[in-house]
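Novice: Quick one: this structure, given as structure tokens, is what I'll be asking you about.
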Amino acid sequence: MSIDPRVALSSLTAALEEHLVAAASRRGDDDPAVETAYFAVADAFEAYANALYDAYGEDLPIDLLDEGGEEEG
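Residue numbering for the sequence shown follows the numbering used here, beginning at 317 and increasing consecutively.
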């Protein structure tokens, strides 16, 4: 079941805002809150990209990279 792209976009925006809050209040290089927020952004981005493509056949002009610097597919 596809999700509405607008709902996915709202989730992505919220994840980005949470990441900003986590980054601004970082407690060291290995702060788990920042890592959690980072992965939430990645997941929300992927959900939005999929929803956009499913609804309109449209791709985003940016891609996520895996930890090795390769595009995720």
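Using N, Cα and C, we set each Cβ at its ideal position, and we do this for glycine too.
Kindly indicate which three-state DSSP category L275 falls into: helix, strand or coil?
Specialist: Examination of residue 275 is not possible in this model, given that the chain is present from 317 through 389 alone.
Novice: Just to confirm my understanding: we take A356, look at its own chain, exclude 5 residues before and 5 after, and list those with CB closer than 6 Å. What are they?
Specialist: Cβ neighbours of A356 beyond the five flanking positions: A331.
Novice: Taking a contact to mean a Cβ-Cβ separation below 8 Å, would you say A340 touches A367 in this structure?
Specialist: Against a cut-off of 8 Å, the Cβ pair of A367 and A340 comes out as no contact.
Novice: Quick one: using the 10 Å Cβ neighbour count with 16 as the cut-off for buried, is P377 buried or exposed?
Specialist: So P377 ends up on the exposed side.
Novice: Check each candidate in G373, R342, T329 and D347 and name the one with the smallest Cα separation from A358.
Specialist: Comparing Cα positions, the closest option is T329.
Novice: Quick one: Cα of E351 to Cα of L380, how far?
Specialist: Their backbone Cα atoms lie some 16 Å apart in a straight line.
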